[in-house]
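Engineer: Okay, so the sequence shown: first residue is 1 according to UniProt numbering, each after it adds one. The C-beta atom is built at its ideal place from N, Cα and C for all residues, glycine as well. Values in this document were obtained by computation on a predicted structure and should not be read as measured data.
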Amino acid sequence: MNHHTFTALADPHRFQIVELLRERPHSVGEIADRLGLRQPQTSKHLRVLVGAGLIDLHPQANRRVAHLRPTPFRDLDDWLTRYRPLWEERLDRLDDYLRTLPPEEPNPDPTEPGGSP
């Protein structure tokens, strides 16, 4: 797992760019317009994503089009898969515990804390 992936995705704008590119490839100008960013800001974020290996930029006529690269996302999924059993076990234990709790009785007076409106 590459720590550059997390660093790149930690920025909200870069995360939004990746989410946008899930739909389809977009030009730099389209990304800037969709996210309300200036083109230099967008280019800077795209350079970070390219450097992290998350996207590729391809020239098309007078535009540059950004495409997601699938490999880093597969690597991320593989890394996260190792932790799923741990969280599933913890969630199962929480579910078991919650089932042991007595049901909460509704409070008929809406002016008291926890009361129904």
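In three-state DSSP terms, what is A32?
Structural biologist: For this step, residue 32 is matched to residue 32 along the sequence shown. A32 falls in the helix class under three-state DSSP.
Engineer: Please look up how many angstroms separate the CB atoms of V18 and L54, rounded, as I've assumed it's under 8 Å.
Structural biologist: Locating residue 18 in the sequence shown gives position 18, counting from the first residue. Locating residue 54 in the sequence shown gives position 54, counting from the first residue. That pair is a contact at about 6 Å.
Engineer: Going along the chain, which residues of its own chain have a beta-carbon closer than 8 Å to the beta-carbon of V50, five neighbours each way excluded?
Structural biologist: On the sequence shown, residue 50 is found 50 positions in, with the first residue counted as 1. So the qualifying residues of the chain are D56, L57.
Engineer: Give the secondary structure of R64 by DSSP, where H, G and I count as helix, E and B as strand, and everything else as coil.
Structural biologist: Start at 1 with the first residue of the sequence shown, and residue 64 comes out as number 64. Three-state DSSP puts R64 in a strand.
Engineer: Helix, strand or coil, according to DSSP, for P102 in the structure here?
Structural biologist: Residue numbering aside, residue 102 sits at position 102 when the sequence shown is read from its first letter. The answer is coil: DSSP assigns P102 none of H, G, I, E or B.
Engineer: How close, in whole Å, do the beta carbons of A66 and H26 come, if the pair is a contact with beta carbons under 8 Å?
Structural biologist: Here residue 66 refers to the residue found at position 66 of the sequence shown. Here residue 26 refers to the residue found at position 26 of the sequence shown. With a Cβ gap of about 6 Å, A66 and H26 count as contacting.
Engineer: Assuming contact is defined by CB atoms lying nearer than 7 Å, are P72 and T5 in contact in what I supplied?
Structural biologist: By 1-based counting over the sequence shown, the position of residue 72 is 72. By 1-based counting over the sequence shown, the position of residue 5 is 5. Contact flag set, yes.
Engineer: Mark T42 as exposed unless 16 or more other C-beta atoms lie within 10 angstroms of its C-beta, in which case mark it buried.
Structural biologist: As a working note, residue 42 is residue 42 in the sequence shown. T42 is buried by the Cβ-count criterion.
Engineer: With a threshold of 6 Å on Cβ separation, who are the neighbours of R64 within its own chain once the five nearest residues in sequence on each side are excluded?
Structural biologist: Here residue 64 refers to the residue found at position 64 of the sequence shown. V28, L57.
Engineer: I'd like to know whether the C-beta atoms of A52 and A8 end up nearer to each other than 7 Å.
Structural biologist: Here the question's residue 52 lines up with position 52 in the sequence shown. Here the question's residue 8 lines up with position 8 in the sequence shown. Cβ atoms of A52 and A8: closer than 7 Å.
Engineer: What's the gap between the Cα of R24 and the Cα of T100?
Structural biologist: Reading the sequence shown from its first residue, position 24 is the one you call residue 24. Reading the sequence shown from its first residue, position 100 is the one you call residue 100. Rounded to whole angstroms, R24 to T100 spans 47 Å at the Cα level.
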